[in-house]
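Asks: Sharing a structure with you now.
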Amino acid sequence: MLNSWGPRSSYILKWHGDDPCGSKWIGIKCDDSSPQRVTSIELSGLGLSGDIPPDISLLTELRTLDLSYNRLTGSIPTQIGELSHLSKLYLQYNYLNGGIPPEIGNIKNLSYISLNGNSLKGSIPHEIGLLENLFWLDLAKNDLSGGLPYSGDGGSSKNVGLDNLTKANHFHLNNNSFSGPIPEALCHERMSLIHLILDSNLLTGNIPSGLGLCGNLLIMKLNNNQLGGTIPQEISLLTNLTELQLHDNQLVGPLPDLSNFTNLALLDVSNNQLNMEFPLWMNSLRSLTDLDMSSASVSGTISASFFELPFLTAVKLANNEINGTLDLSMDTSQLMLLSMENNKIDSFTTAKYPPSVIRLFGNPVCETSKSTLSGELCQTNSSSSVSTYGQGNCSNTCPSGYQVYPAECSCAIPYEGVLIYRAPSFTQLINQTVLSVLASALAENLSVQRTQVVIKSAEFNAQNQLTVEIAVFPNGAEIRWSRDDFLKMSSILGRDGVAPDGFGPPMFQQSSFDYSVGSDTNGNTLSTVAIIGICIGSAALASIIIGVTCFVCLRKDKKNNKAAELSNPFGAWNTDWRDNDSAPKLKGARYFTFAELKKASNNFSESNEIGSGGYGKVYRGILTDGQQVAIKRAQTNSMQGAPEFKNEIELLSRVHHKNVVGLVGFCCDQGEQMLVYEYMAGGNLRDCLTGRSRIKLDWRRRIMIALGSARGITYLHELVSPPIIHRDIKSTNILLDEKKIAKVADFGLSKIAPEQDSRNQHVSTQVKGTLGYLDPEYYTTQQLTEKSDVYSFGVVLLELLTARTPIEHGKYVVKKVKEAVDKGGISAIRSMLDPRIKEESGIELNSFLHIALSCVEDTASARPSMGEVVKQLEEMVGHDYPESGSSNVDTPPKGVPARHLYGSDSEYMHTSRDSSDPSFPTSNIALSFGSR
C-alpha cells in the first residue's frame, strides 16, 4: 500500500520496521492472535494520494478499511471482494473513478459502505443486494447512472437488488444521475429503512404507492428529480416521518392528508403544481418547524390557529393564490420567516413580529393599507442587489491583475468566483447580517480568516436566483494563492458548495485564474536578473538586520528599547531565544496591538466584560471590520514566559475545527498578553441548562450539542499533533454560537499531551480540572489522560439529561445516576431528568444514558475513546433520528421537531472523523485541506 502511495505518504505515516502489529504503525490495528493479523486500517483525512492496491486483498482478517477524506485516485480494485471479514468500508471523499465492482457482493459481513463524494461511474451492481447485513449505503455525490436495481428487474441472474437489503437503515443515493422510475418493489414490510435520500437525480415516473410500506422512514427526500403524477395516498402511512422533501418535481394534485404526521418537522413541496387549498390538517402538525409550499398552486385562506404551532420557525408560501386575512394576532410560534410574496392577501393583523420577519410584496394589502403597513413589509427582492466591495480607507493603486485587499491595504491576487443559490425568502436580501453569515460560512469552509473573504456583490438574477460574487484573498504574507490552494478551494466550492441556513444548495462558477500574474512569463522560474537582484537584496537586508540586531543588543537606553518593542512585537522573544525561529509560526491568527484591542473593547470597560477566571478577564470586542471577538486578557500573575506564550499561540493558531472555538489573534504588547477568540453569541451550555440564558434546549438540540462537542474533543485528541488533553471539560467550557452549534473552549499549551505511558496513553501531570468532573483515577495516579477528558464529557452528558450541576448538596450526580440505574434502569431516573425532556421516548433516553454511563466508568480502560463516543452518537442519531453530522451542521428524536440543519446532504454521512481544517502539517500526521 505504502509503495503505491509514494514518498509523501511515507513521510506522513512514518511506518517504521517490518511488523505493522509490533511497532504501532499509525492507523493500523491488529488482533491478539499469534501471529497477529491486521484487522483495521483507519487512515482518514491524511492527504494520502495514489491508488488502492489490489494486494489489499491479502489482509484477509481485515474488518475495517477507512481511507476516507484523502486524495486517492484510480478505481476500487475488484480484489476487495476477497476481504470476506470486512464489516466497514469507508472510501468517501476521494477522487476514485471507475465503477462499483460487482465483487463487493461477496463481502457478506459488510454493514457500512460509504463511497460518497467520489467520481464513480456506471450503475449500482445488482450484487449489492447480496449484502444481507448492510446497515448503511451511501453512494451520494458521484456520477452514477442507470436505474435503481431491484430483484425481478431482469438485470441479474442472482435476482437480487436494493429491496433485498432488509437490514439497511440508510439509502443515500442523492446527487447522481440515476434515471428511470423509483421501483415499486423498493419498499416492503420487511424493510428497515429510516433514510431514503434520492434527491438531485434524473428519476422519472410517478411516486410509487409501495413507498408507504417503508413504515420506519424518518427522512424521505425525492426532490429535484423529474417525478410526475399525483402524490399517492399511501404516503400518509409514513407517520414516523420528520422530514419530507418533494420539491422541484412535476407533481400535480393535492397533498394527501398528513394530519397523523405528529413528528413531521420539515415539509417542502415547493415548485410543483398541487392545485389545492391550504389544508386545515396542517394545524395538526405539532412538531412542524419549516414549511415550504412556494410556487405550488396553493389557494384558499390560512387559519390563525396555524400560527399557534409551537415550533414553527419558517413558512414559505410565495407565488401562490392565498387570499383573505393573514392573522398573526394569536401567534405563539417561534416564527423567524414568513414569506407570502405574490399572493392575494387583502388584510393583515399582527401584534408581535418586526417587519423583517414578514414579506408581503405583491399582495393587494400592500396597496390598500400603505398608510398602516411598514414599508419593509412590502419591499421586493426582485431588484435587490448590493456591492459590498470597496477599498475602505486604502488609497492603493494596484498593478494590472492585482486587487486591493481591504483588510491589509495591500495588493494581492484573490481567488474569485460566483455562487448561485436558489433564492432565500428574503425580499430585502441585502442586509449586512445575511452577507456576514454567508462570508463567515465561506471562511470556515475554506479554512481562512473572515477578513480574507470579500463579498463583492450580491443580487437576484432574472430566474430569482441569488448570485454572490466572492473574492478570497491570500493572507498578508502572500500576494497570490499557490496552485495547490487554488485547486483545493475549487474542490471545496465546486463539489459541496457553502450553504448557510435558508440559502439552499449552490452552484459555483469559478473565475479564470492567471498563474502568470505575479510571476515570470513562464510561471515557473525566476529570471537570472531577478535571482541576482534577490541575492543582492537579501545580502543587503541581512547586513542591515545584523547591524540593527547588534545595535539593539548594545543599546541599554530604556526609551529606545521600548520603541523597538513597540515596533516589533516579537523583539523580546528574539532576545530570549536568540534564534532564527523567534516569531511564532501562525496559521490564520493575526497580531493585534494593545491599542487595537483597547479600542475594540471600549477601553476594557466593565460593560464589555463577559467572563472572568483564573487566567484573567474576558471582554467582548468589535474589530474595525465589524467582527465580534472575545478578548482574553491575562492578569499579571497568570502571564506565561515569552517562550511559553509563543508556543501556545503557535498551537492555538493551527487548531481549526468547526466544533472548537477558533483563535482570531493575539497581543503581546506593552507588557500585556491577550488571546483573541471568535465570539460565541450563545453563551455556555451551563447557563442554557440552568435557565440563566434565554436559549431553550429541546431534546434534539441537546443531542446535537453532545455530538458537536464530542467531535471537537476527538479532534484535539486524535488529529492535533501533539495531541491535546483538554483537562477541564465541563458545561461552562462548551460554548454555543448564534446557531446553537457547540464548540469546545479553554484549551491551550497547558493541556498538550507531552508523553505516553506504558499503555500508549498520552498523560499529563499538570493539575487542572474542576471538582465533579475529575477522573476518579486522577486521585491515585495524579495523571490525566485522554480518558480523563472522556470521563468529564460523560458528566456533561449527564448534565444534558438532568440539567443538574455535577455536585448538588454535597452529592455527585454521577453516583446518584449510577445508583438509580442499578435499581431500575432508565425508569428509575425519571425523577432526576430535566422536566423539559421527561416526555421523550425511553428508548431514546436510554441510548443516550448508555453512552454517558460508559464514559463515566471508574477505570479508564473501561471507557471508550472520544472517537468511539462520536461514532456511538452518530449511530444513535442515524438510527433513531433523522439527521447526523454538523458543522457545521450538525437532530431530533421522534416527537421533537427537526430543524433543517444542513445545506448539504453530505451531512447525512457516517464518518469516523470530522475535521474542518486539518490542513496544518504535524509531527506525526499531515492532513488534507479541509473537507470537500
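Convert by adding 1461 to the 1-based position in the sequence shown; the result is the number in my numbering.
Where is the CB? At the ideal position from N, CA and C, for every residue including glycine.
1. Go to residue 1665, then tell me how far its beta strand (DSSP E) extends in each direction, as first and last residue.
2. Tell whether a beta-carbon distance below 7 Å holds between residue 1548 and residue 1570.
3. Out of 1741, 1764 and 1779, state which residue places its alpha-carbon closest to the alpha-carbon of residue 1758.
4. Assign residue 2266 to one of three DSSP states: helix, strand, or coil.
5. For the beta strand (DSSP E) containing residue 1872, list its first residue and its last residue.
6. First and last residue of the alpha helix (DSSP H) that includes residue 1829?
7. Which residue spans inside the region 1535 to 1573 form an unbroken alpha helix (DSSP H) run of at least 4?
8. Between residue 1546 and residue 1495, what straight-line distance do the alpha-carbon atoms span, to the nearest angstrom?
9. Starting from the Cα of residue 1711, find the closest Cα among 1685, 1693 and 2146 and give me that residue.
10. Going by the CB atoms, is the gap between residue 1575 and residue 1551 shorter than 7 Å?
11. Return helix, strand or coil for residue 2201, following the three-state DSSP convention.
12. Apart from the five residues on each side of it in sequence, which residues of its chain come closer than 6 Å, Cβ to Cβ, to residue 1736?
13. Put residue 2144 into one of helix, strand or coil per three-state DSSP.
14. Taking only the alpha-carbon atoms, compute the straight-line gap between residue 2336 and residue 1653 and give it to the nearest angstrom.
15. I'd like to confirm the pairing. Which residues does DSSP put opposite residue 1877 in its beta bridges?
16. Among 1607, 1644, 2189 and 1606, whose alpha-carbon lies nearest the alpha-carbon of residue 1624?
17. Report the residue from 2111, 2072, 1689 and 2082 whose alpha carbon sits nearest the alpha carbon of residue 2050.
18. If you scan the region 1732 to 1804 from start to end, which runs of the beta strand (DSSP E) of 3 or more residues do you find wholly inside it?
19. Do the CB positions of residue 1745 and residue 1708 come within less than 7 Å of each other?
20. I'd like the span of the alpha helix (DSSP H) that includes residue 2169, first residue to last.
21. If you drop the 5 nearest sequence neighbours on each side, which residues of the same chain put their C-beta closer than 6 Å to that of residue 1465?
22. How many angstroms separate the CA atom of residue 2186 from the CA atom of residue 2192?
23. Below 7 Å between beta carbons: does that hold for residue 2238 and residue 2321?
24. Using a 10 Å radius around the Cβ and a threshold of 16 neighbouring Cβ atoms, would you call residue 2107 buried or exposed?
25. Which same chain residues, not among the five before or five after residue 1866, have their C-beta less than 6 Å away from its C-beta?
26. For the alpha helix (DSSP H) that contains residue 2081, what are its first and last residues?
27. If you draw a straight line from the alpha carbon of residue 2309 to that of residue 1526, how long is it in whole angstroms?
28. Is the separation between the beta-carbon of residue 1788 and that of residue 1810 shorter than 7 Å?
29. So residue 1704 is in the beta strand (DSSP E); what residue range does that whole segment cover?
30. Given a threshold of 16 other Cβ atoms within 10 Å of its Cβ, counted over all protein chains shown, does residue 2056 qualify as buried or as exposed?
31. Using the Cβ count rule (16 or more neighbours within 10 Å means buried), how would you classify residue 1519?
32. Can you tell me the Cα-Cα spacing of residue 1718 and residue 1742, whole angstroms?
33. Would you grab the beta carbon distance between residue 1628 and residue 1594 for me? Rounded to a whole angstrom, and I think it's under 8 Å.
34. Output the boundary residues of the alpha helix (DSSP H) element that contains residue 2057.
35. For residue 2200 versus residue 2162, is the C-beta distance shorter than 7 Å?
36. Taking DSSP as the reference, what is the three-state secondary structure of residue 1465?
Replies: For this structure:
1. Looking at the DSSP string, the run of the beta strand (DSSP E) that includes residue 1665 is 1663 to 1667.
2. Yes, they are a contact pair.
3. Minimum Cα distance to residue 1758 is reached at 1779.
4. Secondary structure at residue 2266: coil, using DSSP grouped into helix, strand and coil.
5. Element bounds for residue 1872: 1871 to 1873.
6. Unbroken alpha helix (DSSP H) run through residue 1829: 1826 to 1829.
7. Entirely contained in the region 1535 to 1573, not one alpha helix (DSSP H) run reaches 4 residues.
8. In a straight line, the C-alpha of residue 1546 is about 18 Å away from that of residue 1495.
9. The shortest Cα separation from residue 1711 among 1685, 1693 and 2146 belongs to 1685.
10. Taking 7 Å as the cut-off, the beta carbon of residue 1551 is found closer than this to the beta carbon of residue 1575.
11. Note: residue 2201 maps to coil in three-state DSSP.
12. Around residue 1736: 1758.
13. Under the three-state reduction of DSSP output, residue 2144 falls in the coil class, being neither helix nor strand.
14. Straight-line spacing of the CA atoms in residue 2336 and residue 1653 works out to 15 Å.
15. Among the bridge pairs identified by DSSP, residue 1877 is matched with 1932.
16. In this structure, 1644 is the residue among 1607, 1644, 2189 and 1606 with its C-alpha nearest to the C-alpha of residue 1624.
17. Put simply, of 2111, 2072, 1689 and 2082 the residue whose alpha carbon is nearest the alpha carbon of residue 2050 is 2111.
18. Restricted to the region 1732 to 1804, the beta strand (DSSP E) segments that are unbroken, complete and at least 3 residues in length are 1751 to 1753, 1759 to 1761, 1775 to 1777, 1782 to 1788 and 1798 to 1800, listed in chain order.
19. Residue 1708 is positioned such that its CB atom lies no closer than 7 Å to that of residue 1745.
20. Start and end: 2160 to 2175.
21. Excluding positions up to five away in sequence, the list reads 1511, 1512 and 1514.
22. The straight-line gap from Cα to Cα measures roughly 16 Å.
23. A contact, by the Cβ cut-off of 7 Å.
24. When all chains shown are included, residue 2107 counts as buried.
25. Closer than 6 Å at the Cβ level, and outside the excluded window around residue 1866, lie 1873 and 1934.
26. First-last for residue 2081: 2077 to 2083, but that is the beta strand (DSSP E), not the alpha helix (DSSP H).
27. Looking at the two C-alpha atoms, the distance is approximately 27 Å.
28. Yes.
29. That run of the beta strand (DSSP E) goes 1704 to 1706.
30. Per the 10 Å Cβ criterion, exposed.
31. Burial call: exposed.
32. In this structure, the CA atom of residue 1718 is about 7 Å from the CA atom of residue 1742.
33. Rounded, the Cβ-Cβ distance is 6 Å, consistent with contact.
34. Segment 2055 to 2061, the alpha helix (DSSP H) holding residue 2057.
35. Cβ atoms of residue 2200 and residue 2162: not closer than 7 Å.
36. Residue state for residue 1465 is assigned as helix, using DSSP reduced to three classes.
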